[in-house]
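Residues in the first sequence are numbered consecutively from 1125, following this note's numbering. Don't be surprised by glycine CBs; every beta carbon is placed ideally from N, CA and C. Predicted model, so just to flag it, every value in this text is computed and none were measured. Notes to accompany the following structure.
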Amino acid sequence: MSDLQAVRGMHDILPEELPRWRRLEEVFRTISARFGYEEIRTPLVEYAHLYVRSVGPDTDIVHKEMYLFTDRGGEQIALRPEFTAGVVRALLQHGLLHRRSLWRLWYYGPAFRYERPQKGRYRQFHQYGAECFGSPYPESDVEIIQLAVAILKELGITTYELQLNTLGTPVERRRYQQELVAFFREVRSQLSAESQQRLERNPLRILDSKHPADQPFIERAPQIWDSLGRESREHFQYVYTSLRAVGIPVQVNPRLVRGLDYYTHTVFEFISPQLGAQNAFGGGGRYDGLVESFGGPPVPAVGFAFGVERLLLLLPEQPGQPVAQLYVASAGAPEAAYQVAMHLRAAGYRAVCDLQRRSLKAQLREADRLGIPVAVIVGEAEWQRGNVLLRLLSNGVQWECPFQDLLPHVRQALVH
RNA sequence: GCGGGCGUAGCUCAGCCCGGAGAGAGCACCAGGUUGUGGCCCUGGGGGUCGUGGGUUCAAAUCCCAUCGCCCGCCCCA
1125 MSDLQAVRGM HDILPEELPR WRRLEEVFRT ISARFGYEEI RTPLVEYAHL YVRSVGPDTD
1185 IVHKEMYLFT DRGGEQIALR PEFTAGVVRA LLQHGLLHRR SLWRLWYYGP AFRYERPQKG
1245 RYRQFHQYGA ECFGSPYPES DVEIIQLAVA ILKELGITTY ELQLNTLGTP VERRRYQQEL
1305 VAFFREVRSQ LSAESQQRLE RNPLRILDSK HPADQPFIER APQIWDSLGR ESREHFQYVY
1365 TSLRAVGIPV QVNPRLVRGL DYYTHTVFEF ISPQLGAQNA FGGGGRYDGL VESFGGPPVP
1425 AVGFAFGVER LLLLLPEQPG QPVAQLYVAS AGAPEAAYQV AMHLRAAGYR AVCDLQRRSL
1485 KAQLREADRL GIPVAVIVGE AEWQRGNVLL RLLSNGVQWE CPFQDLLPHV RQALVH
């Protein structure tokens, strides 16, 4: 069994689970389109350096979670740990930003992080996300969040909280970070070991530490709000008030900082109490400096991503659909039954028949179990007369009809 | 990367603490009862290296060690 085991943290999606996945994928497609977002697909792998530059050299993602390998040409390659870097790279590589000043894009697919597996956390996981390039204005932040909310609404997911914060401009953010470092240095020895490390590597993250030892200092720490200029405040205020205005409940969380280095201004997270430790099932924010830092024009952008596996944990059950509409059973005439099935398929019906040479009884049991509503029974005697039997599995009503007239009879049988 | 819990049939689990006679139950699956008719019922049947490896013992599902996997918390994030 151990050699017949999927790689740790990797999961099969079995036929019975696929209806729910397809439902999600369909909603992603239709709601994105409704907002005018276009799909983009980028490779599963990129040069590792891309993520060092975008996500940040001091983040855990780059530090210890990337799947890295050297290809046969000696290049350092990474399995994508997220999508934004690849999307920005594609935009620049193909010069798309010269063709249009605004791009609305969405993506969906697997991503990889070498983490300890847990419920809702896998090494191969799926993300849906959307990015809007070309607007520095808060209207685009609001649109991106509304897109996310529209998807949740369409899926029937209602028990969640949307948390919102701002990190200001890169300059303000840097200034704030320096203030934070200065503040926490004073009490360094009293902080948790993790936070002492964060102080050097990623000080903002001290703010969302769960460690009890850190809490009193976090409460007294300087607030980002005080480091912001007028424009940043107005930007945040606009986002907040217009979300409230359209009835989206928002919780301002001044300690929400998120783990990627490229965020500026608006950051947000969707969290659900149903998920346990991995309670964030979506998140995003503005990243105005990223495109330029890649060597492109100074194009502002905002985006977000959902963790699809976590969304799935929140998704209400779907009623299963039967694999076929018709079961063509044979009573001593298997070849004729196969012929009848092919006839029905040619007419567009989903029809299956027995492949195990089983008894009629077993065939009907199978049909019932599969939830197939109508059986076409091809019996030797009736076939001699050019007829077949139709049987409604719901109530056992059964009748004989000429094979010639099968299609109208089937149509009628399926109405019941 | 750290701490804890759990791995027995396809699934849910009992048995393990207090080692010993055939490795069990329910559900699922297959067949028969109806030699051409599903669901309910009855009868029978198939299916298990007790996660894996090692150790202790006359004897290990049961005790010990290691290892792998899953789950929970930390961490991280979607």
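Here T1290 is bridged, per DSSP, to T1390. Between the stretch 1211-1229 and the stretch 1184-1198, the count of Cβ pairs shorter than 8 Å is below three; the stretches do not touch.
When secondary structure is reduced to three states using DSSP, R1382 falls in the coil class, being assigned neither helix nor strand.
Taking C-alpha positions only, V1426 is separated from R1146 by approximately 27 Å.
With respect to L1315, A1345 sits apart: the two C-beta atoms are not nearer than 8 Å.
As the crow flies, the alpha-carbon of A1130 is around 33 Å from that of E1318. Taking the Cβ atoms as the reference, G1210 lies roughly 4 Å from T1166, within the contact range of under 8 Å. DSSP places Y1411 outside both helix and strand once states are collapsed to three, so it counts as coil.
Taking C-beta atoms as the reference points, T1390 and F1430 fail to come closer than 8 Å. CA-to-CA, the gap between G1198 and V1169 works out to about 15 Å. With respect to Q1487, Y1451 sits close: the two C-beta atoms are nearer than 8 Å. As computed with DSSP, V1273 is found in no beta bridge at all.
C-alpha of A1457 to C-alpha of E1504: approximately 5 Å in a straight line. Counted as a single uninterrupted DSSP element, the stretch harbouring F1249 is not any alpha helix (DSSP H) but the beta strand (DSSP E) occupying residues Q1248 to F1257. Among the bridge pairs identified by DSSP, Q1522 is matched with R1515. Collapsing the DSSP output to three states places L1323 in a helix. F1428 is positioned such that its CB atom lies closer than 8 Å to that of I1268. Residue state for E1441 is assigned as coil, using DSSP reduced to three classes. Contact annotation: the stretch 1513-1525 touches the stretch 1484-1499, with at least three C-beta pairs closer than 8 Å. With 16 or more neighbouring CB atoms inside 10 Å of its own CB, G1408 falls in the buried class. Put simply, the backbone Cα of Q1217 is about 19 Å away from that of A1254.
Cβ neighbours of R1158 within its own chain (closer than 8 Å, five residues either side excluded): A1274. Nearest neighbour of V1521 by Cα position, chosen from L1530, P1497 and F1308, turns out to be P1497. When the beta-carbon positions are compared, L1323 and F1341 stay at least 8 Å from each other. In summary, Q1528 is exposed, with fewer than 16 beta-carbon neighbours lying within 10 Å of its beta-carbon over all protein chains present. By the Cβ rule, the stretch 1288-1302 counts as touching the stretch 1373-1391, because three or more pairs are nearer than 8 Å. Remark: C-beta atoms of Q1248 and G1160 do not approach each other more closely than 8 Å. Taking 8 Å as the cut-off, the beta carbon of R1245 is found no closer than this to the beta carbon of E1189. Contact check for A1235 against R1204 passes: the beta carbons are separated by less than 8 Å. When the five nearest sequence neighbours on each side are left out, the beta carbons in the same chain lying within less than 6 Å of the beta carbon of Q1402 are those of G1244 and R1245, in order along the chain. Taking a cut-off of 8 Å for Cβ pairs, the stretch 1361-1380 and the stretch 1297-1307 do not touch, as fewer than three such pairs fall below it. The three-state secondary structure of L1450, taken from DSSP, is strand. Between E1459 and the set L1229, Q1398, L1484 and V1502, the nearest pair of CA atoms involves V1502. If only complete runs of 3 or more residues are kept, the stretch 1194-1241 shows the beta strand (DSSP E) at 1200-1203 and 1227-1236, in order along the chain. According to DSSP, F1430 shares a beta bridge with Y1252 and G1406.
One Cα belongs to G1353, the other to E1296, and the distance between them is close to 8 Å.
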